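> In terms of our numbering, the sequence shown is residues 11 to 486.
Every residue, glycine too, gets a C-beta built ideally from N, C-alpha and C.
Note that the structure is predicted; figures quoted are calculated from it, not measured.
So that we are looking at the same thing, I have put the structure below in structure tokens.
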Amino acid sequence: MSNCIEGTLTAYGVEKWTKKDVLFFFRRCAFSIPFDRIAQHQNINDVSNFVSQQFSLAETVDKEPRPDWADWTLSDYTEDQQFAEQRVDFFTNFLKSSRTNGIRTKFILFWSGHFTTQLNVYECSSYMWQYYEVLERNCFGSFKTFVKEIGLTNAMLIYLNGVQNTKTSPNENYARELYELFTLGRDNGYTQNDIAETARALTGYNGFVEGCASLSFLQSTFDDGKKTIFGRTGNWGYNDVIDILFEEKGTLIAKHICEKIYRFFVSHNVSENIINELSTLLIDNNWELKPLFERLFSSEHFFDSKTKMAQIKSPAELFLSIANELKIPVEDSEYQWVYFGMAELGYELFNPPDVAGWARDREWINNSSILQRQSMSRNFPYLLFDRNKELLVNFAKSLDENHTDVDSIVQNIGDFYLANSYANEENLMKAVIAFKGPVPENYFEAGNWSLDFEYADYQVALLIDYIFSLPEFQLH
Numbered sequence: 011m012s013n014c015i016e017g018t019l020t021a022y023g024v025e026k027w028t029k030k031d032v033l034f035f036f037r038r039c040a041f042s043i044p045f046d047r048i049a050q051h052q053n054i055n056d057v058s059n060f061v062s063q064q065f066s067l068a069e070t071v072d073k074e075p076r077p078d079w080a081d082w083t084l085s086d087y088t089e090d091q092q093f094a095e096q097r098v099d100f101f102t103n104f105l106k107s108s109r110t111n112g113i114r115t116k117f118i119l120f121w122s123g124h125f126t127t128q129l130n131v132y133e134c135s136s137y138m139w140q141y142y143e144v145l146e147r148n149c150f151g152s153f154k155t156f157v158k159e160i161g162l163t164n165a166m167l168i169y170l171n172g173v174q175n176t177k178t179s180p181n182e183n184y185a186r187e188l189y190e191l192f193t194l195g196r197d198n199g200y201t202q203n204d205i206a207e208t209a210r211a212l213t214g215y216n217g218f219v220e221g222c223a224s225l226s227f228l229q230s231t232f233d234d235g236k237k238t239i240f241g242r243t244g245n246w247g248y249n250d251v252i253d254i255l256f257e258e259k260g261t262l263i264a265k266h267i268c269e270k271i272y273r274f275f276v277s278h279n280v281s282e283n284i285i286n287e288l289s290t291l292l293i294d295n296n297w298e299l300k301p302l303f304e305r306l307f308s309s310e311h312f313f314d315s316k317t318k319m320a321q322i323k324s325p326a327e328l329f330l331s332i333a334n335e336l337k338i339p340v341e342d343s344e345y346q347w348v349y350f351g352m353a354e355l356g357y358e359l360f361n362p363p364d365v366a367g368w369a370r371d372r373e374w375i376n377n378s379s380i381l382q383r384q385s386m387s388r389n390f391p392y393l394l395f396d397r398n399k400e401l402l403v404n405f406a407k408s409l410d411e412n413h414t415d416v417d418s419i420v421q422n423i424g425d426f427y428l429a430n431s432y433a434n435e436e437n438l439m440k441a442v443i444a445f446k447g448p449v450p451e452n453y454f455e456a457g458n459w460s461l462d463f464e465y466a467d468y469q470v471a472l473l474i475d476y477i478f479s480l481p482e483f484q485l486h
């Protein structure tokens with residue numbers, strides 16, 4: 011399918027910048043932001059500078075604190091210290107960080123769907139944390155360094171059988187995925203012989219002391235014979251493989267990675283011209299990712315109207331954006347509910363269904379999942395109604411200076427959540443009816459109603475509930 015998004019990588023004009031652009035940027039590049047932080051980003055002087063500042067902040071803000079169990083081996087565990095409990099605690103803190111540092115959270119999850127491993131394969135909380143640290147450290151940095159580090163994580167060595175890859179019994183699993191998924195793309199610039207020879211060069215990482223302990227390199231299991239990879243022959247080892255790959259196949263790597271980024275953050279249908287420009291930018295910046303992100307996410311192409319509301323939200327994007335935008339004062343138990351709810355919809359953190367990662371875009375929706383997504387989403391406004399009713403009214407007031415005009419309030423809340431608002435008059439009429447709820451019509455006719463009315467918080471919850479029921483709400 012052709013790409014109909016217009017615009018180039020030229021910076022988006024600040025004169026066009028609106029509240030909707032603020033929301034769009036943070037919904038795509040993060041998990042949105044609290045409603046009361048939108049105004050601070052409305053009056054900017056330069057879109058490129060704004061985007062650069064946001065990524066610099068995401069890159070430099072304090073990292074997640076290292077847990078006590080980050081390097082535990084199997085012998086460090088006791089009966090009351092379970093892997094599952096540690097994971098849920100970590101996931102809870104990680105999801106909570108989506109409110110304060112959503113850009114980094116979003117990009118860590120993006121890369122976890124690219125450099126995939128599965129928790130239910132390696133079954134070690136320490137391996138999970140060490141893998142996470144590599145994602146966190148490299149998500150905006152050098153892609154080449156990223157590739158080099160990720161392949162030596164304990165999680166990856168277990169998941170893609172590197173620990174079983176020896177000179178007497180080579181295992182080609184990681185070599186194949188290194189090319190097919192992580193760098194070049196399927197059947198793109200490599201041969202079966204390249205895979206076989208690469209597997210030989212990746213041997214030696216077989217040192218195993220006990221469960222969940224770090225795997226070490228053993229010279230005795232390394233194949234020190236000559237290998238020919240992409241036409242170059244030598245006694246190659248792990249680092250040589252990465253160097254040769256990027257030297258010989260740089261253009262193919264750049265295009266594959268830029269397409270992956272584009273499909274995730276912009277559109278499922280790629281623009282070849284944009285991909286070519288981004289690929290050149292990535293290579294020219296010595297594989298540094300941040301300049302690519304800054305250029306793409308400040309461009310007129312990214313902010314084109316056809317980009318907006320063109321993707322189906324993942325479960326993470328759906329739930330976390332709702333919670334963050336409304337500033338729902340969720341406790342740890344609610345974030346655990348979000349974690350398990352995401353998993354129920356097919357998005358289990360750091361445990362994708364297979365090596366290809368999670369579903370994307372249209373694959374998230376079917377006849378049963380759409381109903382489940384709507385039902386689970388619609389719990390949020392009532393959770394807020396129970397926890398902090400005032401936030402609902404403050405949310406509505408932040409969108410409209412006129413606190414007495416029902417039609418205007420309903421329209422503005424619809425504009426906040428939906429790119430095309432209610433799309434038609436019928437939906438708008440239903441939204442007004444939902445908002446008026448149990449309040450008698452004469453209150454509105456007599457001009458006795460405002461957002462300071464006794465039941466206004468419940469009315470806002472009813473309207474949000476209605477909006478969350480619309481199919482358009484599943485898009486962003």
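Alpha carbon to alpha carbon, how far is Tyr432 from Leu480?
So the alpha carbons of these two residues sit roughly 9 Å apart.
> Taking Leu328 as the reference, which of Arg372, Gln382, Thr317 and Ser387 has the closest Cα?
Here the closest residue by C-alpha is Ser387.
> Which of the three DSSP states, helix, strand or coil, is assigned to Ile205?
Note: Ile205 maps to helix in three-state DSSP.
> Using C-beta distances below 6 Å, list every residue in its chain close to Leu428, excluding the 5 sequence neighbours before and after it, in chain order.
Closer than 6 Å at the Cβ level, and outside the excluded window around Leu428, lie Glu482.
> Whole angstroms are fine: how far does the CA of Gly172 sit from the CA of Val61?
Whole-angstrom Cα-Cα distance: 39 Å.
> So His124 and Gly367 are in contact, right, with Cβ under 8 Å, and what is the actual spacing, rounded?
Yes, His124 and Gly367 are in contact; Cβ-Cβ is about 7 Å, under 8 Å.
> Taking the straight line between their C-alpha atoms, what separation do you get for Ser160 and Leu394?
Before going further, note that residue 160 is Ile rather than Ser in the sequence given. Taking the straight line joining both Cα atoms gives about 40 Å.
> DSSP state of Ala444, grouped into three classes?
It is helical.
> Assign Gln321 to one of two classes, buried (16 or more other C-beta atoms within 10 Å of its C-beta) or exposed (fewer than that).
That one is buried.
> Out of Glu411, Asp253 and Thr20, point me to the one whose CA is closest to Glu302's CA.
First, the residue type needs correcting, since residue 302 is Leu and not Glu in the sequence shown. Looking at the Cα atoms, Thr20 is the closest of the given residues.
> Contact check, Phe65 vs Lys300 under 8 Å by CB: the rounded distance?
Contact flag correct, Cβ pair sits at about 6 Å.
> If we count Cβ pairs, one from each stretch, closer than 8 Å, do we get three or more for the stretch 244–262 versus the stretch 270–281?
In short, these stretches do not touch, since the Cβ pair count stays below three.
> Expressed to the nearest angstrom, what Euclidean distance is found between the alpha-carbon atoms of Phe41 and Asn183?
If I take the Cα positions, the gap works out to 34 Å.
> Straight-line CA distance for Ser331 to Arg76?
Each residue's alpha carbon lies about 26 Å from the other.
> Return the chain-ordered list of same chain residues with a C-beta closer than 7 Å to the C-beta of Thr231, the five sequence neighbours on each side being excluded.
Correct list, in chain order: Thr176, Lys177, Thr213, Gly214 and Asn216.
> Where does the unbroken beta strand (DSSP E) through Lys488 begin, and where does it stop?
Because residue 488 is not part of the residues shown, which for the chain are 11 to 486, the question remains open.
> Rounded to a whole number of angstroms, what is the C-alpha to C-alpha distance between Phe120 and Asn434?
C-alpha separation (whole angstroms): 35 Å.
> Give the DSSP-derived three-state secondary structure of Ile43 in the structure shown.
Note: Ile43 maps to coil in three-state DSSP.
> Smallest Cα separation from Ser135: which of Leu162, Glu95 and Thr126?
Comparing Cα positions, the closest option is Glu95.
> Nearest to Phe192 by alpha carbon, out of Met166, Asn181 and Asn203?
The option with the nearest alpha carbon to Phe192 is Met166.
> For Trp82, which residues of its own chain have a beta-carbon under 6 Å away from its beta-carbon, when the five flanking residues on both sides are left out?
Excluding sequence neighbours, Trp82 sits near Ser136.
> Is the beta carbon of Leu255 closer than 9 Å to that of Ile239?
Cβ distance < 9 Å, so Ile239 and Leu255 count as in contact.
> What first and last residue would you give for the alpha helix (DSSP H) that runs through Arg147?
Arg147 -> alpha helix (DSSP H) spans Ser135 to Asn148.
> To the nearest angstrom, how far is the alpha carbon of Ile113 from that of Ile380?
Their backbone Cα atoms lie some 26 Å apart in a straight line.
> Glu354: which of Glu373, Arg383 and Phe117 sits nearest, CA to CA?
Looking at the Cα atoms, Arg383 is the closest of the given residues.
> How many angstroms separate the CA atom of Leu438 from the CA atom of Ile423?
Going from the Cα of Leu438 to the Cα of Ile423 covers about 11 Å.
> Within the same chain, show all residues whose beta-carbon is closer than 6 Å to that of Val71, passing over the 5 residues directly before and after it, in chain order.
Same-chain partners within the cutoff: Asn111.
> Please name the residue or residues paired with Arg242 in a DSSP beta bridge.
Ile239, per the DSSP bridge assignment.
> By alpha-carbon positions, which one of Lys30, Phe36, Pro44 and Lys26 ends up nearest to Asn404?
Answer by Cα proximity: Pro44.
> In this structure, what does DSSP give as the bridge partners for Ser152?
In DSSP, Ser152 forms a bridge with Glu298.
> Ordered along the chain, which non-local residues of its own chain (more than five positions away) have a Cβ less than 6 Å from that of Thr243?
Excluding sequence neighbours, Thr243 sits near Lys236.
> Grab me the residues of Ser281's own chain with a C-beta within less than 8 Å of its C-beta, minus the 5 sequence neighbours each way, in chain order.
If we look at Ser281 and ignore the five residues flanking it on each side, its Cβ neighbours are Asn13, Ile15, Tyr272 and His311.
> DSSP three-state label for Ile338, please.
If DSSP states are grouped into helix, strand and coil, Ile338 belongs with coil.
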